């Protein structure tokens, strides 16, 4: 049995110090100081100073000064003054008129023919104010020369209101029958100016022409066919006249 014991005595002490001493000091100290200090100081200080300060100064300051000042001075001054003030100051003309049979041009430069007879308001300041309370009202009496649906012309023009009464007590009255062959003069009625001239048709029928300046500088909204009022009805032919005009075109 001493030989058997000796065999165990040789085998036992050999694996014990070999396995224990080899695995314990090799596996434990090697991964711990190698992985932990290497991985921790490398990713932690490196991404922090590199990623944080780098995107911050590049992304934040670059879009802010580029996007904000560029669209703001480009889009805002271009779009705002163009659509909003454009229809009023840029479309408004320096003068409006109602001439001939009669052909009108309002303060926005829109042209149309007056095809319905009767008394019409050409100018009313301020717009929508009753005639007795207005600063200025210019009315015209349109009549036909000849048969139904024939051409119309202005026979009489009246200018009334506070500013007209200040220039002449009772305002101004013009009649085509009293017209003289002379150059008409501009009447200054506040900031607005009015001129009424006379002419005659090929058959010698007298009629009046009306000219108005500075409608856009009155300080008020301006009504009437030469102002801001809708002219659709005044420019629409009567039913019978539309049929007659259609027949004439077909012939």
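Residue numbers (the UniProt record's numbering): 1 to 251. Positions of the beta carbon are idealized from the N, C-alpha and C atoms, including for glycine. Fair warning: this is a prediction, and the values are worked out from it, not measured in the lab.
- Sequence-distant partners of residue 187 (beyond 5 residues in either direction) whose C-beta falls short of 6 Å from its own C-beta, in its chain, are 194.
- Counting every other CB atom within 10 Å of its CB across the protein chains shown gives residue 110 a total below 16, marking it as exposed.
- Judged by DSSP in its simplified three-state form, residue 98 adopts strand.
- Boundaries of the alpha helix (DSSP H) harbouring residue 162: 162-167, taken from the DSSP string.
- The closest CA to that of residue 102, considering only 132, 133 and 150, is found on 150.
- The beta carbon of residue 97 is closer than 6 Å to those of 105 and 211 in its chain, skipping five residues each way along the sequence.
- For residue 140, the number of other beta carbons within 10 angstroms of its own is at least 16, and it is reported as buried.
- In the displayed model, residue 212 falls within a strand according to three-state DSSP.
- Apart from the 5 residues on each side of it in sequence, residue 131 sits with its Cβ closer than 6 Å to the Cβ of 137 in its chain, given in chain order.
- The C-alpha of residue 142 is placed about 6 Å away from the C-alpha of residue 155.
- Excluding sequence positions up to five before and after residue 148, its CB lies less than 6 Å from no other CB in the same chain.
- Per DSSP, the continuous beta strand (DSSP E) segment holding residue 197 begins and ends at 192-200.
- Beta bridge pairing from DSSP links residue 142 with 118 and 154.
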